[in-house]
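Undergrad: Residue numbers (my numbering): 3 to 71.
Glycine is no exception: its CB is placed at the ideal position from the N, C-alpha and C atoms.
I'd like to ask some things about the structure below.
Spelled out as structure tokens, the structure:
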């Protein structure tokens with residue numbers, strides 16, 4: 003299990019990556035209520051939802067420094 007760097011929640015990586023459908027243009031969709039992720043500096047980071055992911059994207063180094071990553 004991954005840990006959300008913003009709020010500390012445990013995230014099921016498999017559920018966060020599971021496709022729930024496709025957009026009208028064929029892109030994969032996932033359910034952000036099951037977790038979400040973002041690729042930053044060569045690594046995937048997992049979050050409990052869109053709010054925590056958004057906070058991370060605004061200032062990723064703040065959260066990485068707190069986590070010692």
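Where do the N-terminal and C-terminal ends of the beta strand (DSSP E) with residue 32 fall, by residue?
TA: Residue 32 -> beta strand (DSSP E) spans 30-32.
Undergrad: Leaving out five residues on either side along the sequence, give the residues of the same chain with a beta carbon under 7 Å from the beta carbon of residue 22.
TA: Cβ neighbours of residue 22 beyond the five flanking positions: 31, 32 and 33.
Undergrad: In the DSSP assignment, find the unbroken beta strand (DSSP E) run with residue 45 in it and report its ends.
TA: Start and end: 45-49.
Undergrad: Determine the contact status of residue 48 and residue 15, defining contact as a CB-CB distance below 8 Å.
TA: Closer than 8 Å, so yes.
Undergrad: Let's test the definition: count the other Cβ atoms within 10 Å of the Cβ of residue 70 and tell me whether it reaches 16, buried, or not, exposed.
TA: When all chains shown are included, residue 70 counts as exposed.
Undergrad: Rounded to the nearest angstrom, what separates residue 45 and residue 37 at their Cα positions?
TA: When rounded, the distance between both Cα atoms is 16 Å.
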